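> Can you keep this structure in mind? I'll have questions shortly.
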Amino acid sequence: MTPAAIIDAVVMIELHRVCKVYHVGPVSIPALSDVSFSLAKGEFAVLTGPSGAGKTTLLRLLYRDDVPSEGEVHVLGQDLRTLGGRRVAALRRSLGVVFQDAKLLPGRTVYENIAFVLRVTGTPRRQITARAFDALRAVGLSARAQAYPAQLSQGEAQRAALARAIVRKPALLLADEPTGNLDGDMAAEVLDVIKDVWQGGTTVLFATHQAPLAAELGRRTLTLLGGRLVKDEG
Ligand SMILES: Nc1ncnc2c1ncn2[C@@H]1O[C@H](COP(=O)(O)OP(=O)(O)OP(=O)(O)O)[C@@H](O)[C@H]1O
Ligand SMILES: [Mg+2]
Numbered sequence: 159m160t161p162a163a164i165i166d167a168v169v170m171i172e173l174h175r176v177c178k179v180y181h182v183g184p185v186s187i188p189a190l191s192d193v194s195f196s197l198a199k200g201e202f203a204v205l206t207g208p209s210g211a212g213k214t215t216l217l218r219l220l221y222r223d224d225v226p227s228e229g230e231v232h233v234l235g236q237d238l239r240t241l242g243g244r245r246v247a248a249l250r251r252s253l254g255v256v257f258q259d260a261k262l263l264p265g266r267t268v269y270e271n272i273a274f275v276l277r278v279t280g281t282p283r284r285q286i287t288a289r290a291f292d293a294l295r296a297v298g299l300s301a302r303a304q305a306y307p308a309q310l311s312q313g314e315a316q317r318a319a320l321a322r323a324i325v326r327k328p329a330l331l332l333a334d335e336p337t338g339n340l341d342g343d344m345a346a347e348v349l350d351v352i353k354d355v356w357q358g359g360t361t362v363l364f365a366t367h368q369a370p371l372a373a374e375l376g377r378r379t380l381t382l383l384g385g386r387l388v389k390d391e392g
C-alpha cells in the first residue's frame, strides 16, 4: 500500500455483511452477525453495546488481528481479504490502536514503549524524544515517563497506551474502551485528547460499553447487541 493510496482513501472503514463465529470445541459463538456500515474520513463514531456485544471482535477485524468468517472488510481503501503480510504491516502503521488491555511492553518504560513505535517505523532519531514527550504531555503522563508498566495504575496504563497510539498521528484511531478504567475527570481528559486528535484530522472509532459516555459525545453512534448492529444514529 502506498502512502498516496492511504491519503486518497475517503471511506476509511467499510464492512459488508460481516459475520464472525468463534469455535470453542463443539460450541459455536456468533460474535458478529451480518454487520454492514461505513465510516468516512473525518468522522468520529462511537461503537457501543453491552459487554459481549462484539465491539472488540469488530475492532480486531479492522486491524487484521483476525479475519471474518463471512463478508468483506475494507480499511483505508484496502480489501483485508487480499492483503499479504507486508501490506498488513503497512496498514497497521497507518492505524493507531488502543487495546482494551493496554498491551504495553512490560520490560520497557513508558517512554521506551512510545519511542519504540517511532523507532520501528523509521522516525529520524533526533525527533524521537520530542515526539514521544509531546504524546506523553497530551495524555498528562510526562512525569511517569521512566516508570515501567507494572508501576502504573490502570488508568495511567491506558493513557500510556493512548499516547502510543497517537504518537504517529494515525489516519484512523481505533480505541477499545480507552476510558474503561478511568474515573470521571480522567475519562473526560482522555476524551479531550481523543477529540484533539480527531480535530487534527484523524478519523476515530471509539468503543465503549458506557452508554452515557456515548450519549455525551453526541456523535454518530453505532450500537451492537448480541453481535448485530441494531442502531446507527447521528
Ligand atoms: N477468541 C475468542 N474465542 C471465543 N469466543 C470469543 C473470543 N473473543 C470473543 N469471544 C466471544 O465473542 C463475543 C463478543 O466478544 P467481544 O470481546 O467482542 O465483546 P465486547 O463487546 O468487546 O465486550 P466487552 O464490553 O466486555 O469488552 C462474546 O460472547 C465473547 O465471549
Ligand atoms: Mg471488548
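Numbering (the working numbering), first residue to last: 159 to 392. Cβ atoms here follow ideal geometry from the backbone N, Cα and C, with glycine treated the same way. Predicted model only: the values in this text are computed from it and were never measured.
Residue range of the alpha helix (DSSP H) that Arg386 falls in?
For the purposes of this step, residue 386 is taken as residue 228 along the sequence shown, with counting starting at 1. Not the alpha helix (DSSP H): Arg386 falls in the beta strand (DSSP E), residues Arg386 to Glu391.
> What I want to know is whether the C-beta of Lys389 ends up closer than 6 angstroms to one or more non-hydrogen atoms of ligand 2.
Within the sequence shown, the letter at position 231 stands for residue 389. No, Cβ of Lys389 sits at least 6 angstroms from all heavy atoms of ligand 2.
> Is Gly210 a contact residue of ligand 1, with contact defined as CB to any heavy atom under 6 angstroms?
Sequence index remark: in the sequence shown, residue 210 carries index 52 (1-based). Flag set: Cβ of Gly210 near ligand 1.
> Report buried or exposed for Lys178, applying the criterion of at least 16 other Cβ atoms within 10 angstroms of its Cβ.
Translated into the one-based positions of the sequence shown, residue 178 becomes position 20. By the beta-carbon neighbour count (other beta carbons within 10 angstroms, threshold 16), Lys178 is buried.
> Can you check which of these residues, Leu219, Asp224 and Val233, is closest to Thr361 by C-alpha distance?
Within the sequence shown, the letter at position 203 stands for residue 361. When each option's Cα is compared against that of Thr361, the closest is Val233.
> Got a sec? Which residues, its chain only, sit under 6 angstroms from Gly254 by beta carbon, not counting five neighbours each side?
In the sequence shown, residue 254 corresponds to position 96, counting from 1. Counting only Cβ-Cβ distances below 6 angstroms, and skipping sequence neighbours, we find Ala323, Ile324, Pro328 and Leu331.
> Can the beta-carbon of Gly385 be found less than 7 angstroms from the beta-carbon of Leu190?
One-based indexing of the sequence shown puts residue 385 at position 227. One-based indexing of the sequence shown puts residue 190 at position 32. Their beta carbons are under 7 angstroms apart, which means Gly385 touches Leu190 by this criterion.
> Looking only at its chain, what residues have a beta carbon closer than 7 angstroms to the beta carbon of Met159, apart from the 5 residues adjacent to it on each side?
Residue mapping note: residue 159 aligns to position 1 of the sequence shown, counting from 1. Note that Met159 scores a pLDDT of 49, beneath 50, so its modelled location is shaky and nothing firm can be said.
> Using a strict less-than 7 angstroms threshold between each residue's beta carbon and the heavy atoms of ligand 2, what residues do you get?
My final list is Lys213, Thr214, Gln258, Asp334, Glu335 and Ala365.
> Measuring only from the beta carbon, is Val176 closer than 6 angstroms to any heavy atom that is part of ligand 1?
Position 18 of the sequence shown, counted from the start, is the residue given in the question as residue 176. Result no, Cβ not under 6 angstroms from ligand 1.
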